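Note sheet for the following structure.
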């Protein structure tokens, strides 16, 4: 999937991954917008019941580019019937994820693998695919989406969050946030980001229908992520595979 080179301090990020006040603290806070988006999408798609006590079917979820498990742990807590697997190409991040999940008493399967290799062995096994804050680091997006969708069952849901490819996103989400120390410098390149329209068109070419998009932004005054109808900076997307 040709991941862009991560910044020189990437190894330090593994150490600080679960430090909510550390260099990726914004990623922890982002769960307040992306977890409800995923949950509501699963409920609306009929994959998950709003009341966990009514959930009878196992829901198999694959978190692609899971890192050390910030989103994976939040999703698995949504229902006792969710069976989650996290896959990441970094063995260090997977080890960190395994250690933290064990300490929290969470049953999450973590696998060190590129998604293309994983997809060749797990075609059509998942009800839900999640790829959060990943595709903006991928140069060969068509190959990445092909692999993700290969793992997805027919009528399954894919959820993605990313940075849009706009002047506003470049100034605020990259330049400003980096210079304010909110995200590590060199983490993102606007040239590799993608707009909602382009991502929807790519998904459509893979026979997926986009059901919902939602913008979100980080409020510097409140220190919280907020949802918005504007998708010019950050956005979530939910699509269903036909």
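In the numbering used here, the protein residues as written are 802 to 1043. Where is the CB? At the ideal position from N, CA and C, for every residue including glycine. For clarity, every value in this text was computed on a predicted model and none was experimentally measured.
Check                                                                                                                                                                          : Outcome
Quick one: grab the DSSP three-state call for residue 978.                                                                                                                     : helix
Taking a contact to mean a Cβ-Cβ separation below 8 Å, would you say residue 932 touches residue 911 in this structure?                                                        : no
Give a yes or no on whether the C-beta atoms belonging to residue 1004 and residue 1011 are separated by under 8 Å.                                                            : yes
Quick check on residue 1038: does DSSP put it in helix, strand or coil?                                                                                                        : strand
Hey, out of 982, 991, 958, 892, whose CA is closest to residue 969's CA?                                                                                                       : 991
Contact between the segment 982 to 989 and the segment 947 to 962 is defined here as three or more beta-carbon pairs at a separation below 8 Å; is this criterion met?         : no
Given residue 839, which residues of its chain have a CB within under 7 Å of its CB, disregarding the five upstream and five downstream residues?                              : 876, 931, 960
So residue 860 and residue 935 are in contact, right, with Cβ under 8 Å, and what is the actual spacing, rounded?                                                              : So it is not a contact: roughly 21 Å between Cβ atoms.
Report the start-end ranges of each beta strand (DSSP E) in the segment 820 to 904 that is 3 residues or longer and not cut off at the edges.                                  : 860 to 865, 883 to 889
Give the single residue among 886, 1008, 1000 whose Cα lies nearest to the Cα of residue 1037.                                                                                 : 1000
Given residue 943, which residues of its chain have a CB within under 8 Å of its CB, disregarding the five upstream and five downstream residues?                              : 1003
Quick one: is residue 886 buried, meaning 16 or more other Cβ sit within 10 Å of its Cβ, or exposed?                                                                           : buried
Give the secondary structure of residue 815 by DSSP, where H, G and I count as helix, E and B as strand, and everything else as coil.                                          : helix
Alpha helix (DSSP H) containing residue 795: first to last residue?                                                                                                            : With the chain running from 802 to 1043 in the structure shown, residue 795 is simply not present.
What number of angstroms, rounded off, separates the C-alpha of residue 917 from the C-alpha of residue 1042?                                                                  : 18 Å
Excluding the five sequence neighbours on either side, which residues of its own chain have a C-beta within less than 6 Å of the C-beta of residue 983, listed in chain order? : 827
How about residue 951 and residue 920: do their beta carbons lie closer than 8 Å?                                                                                              : yes
Considering only the alpha carbon of each residue, which of 946, 955, 907, 906 lies closest to residue 927?                                                                    : 955
In or out: residue 869 buried (at least 16 other Cβ within 10 Å) or exposed?                                                                                                   : buried
Could you tell me the alpha carbon to alpha carbon distance between residue 873 and residue 863, rounded to whole angstroms?                                                   : 9 Å
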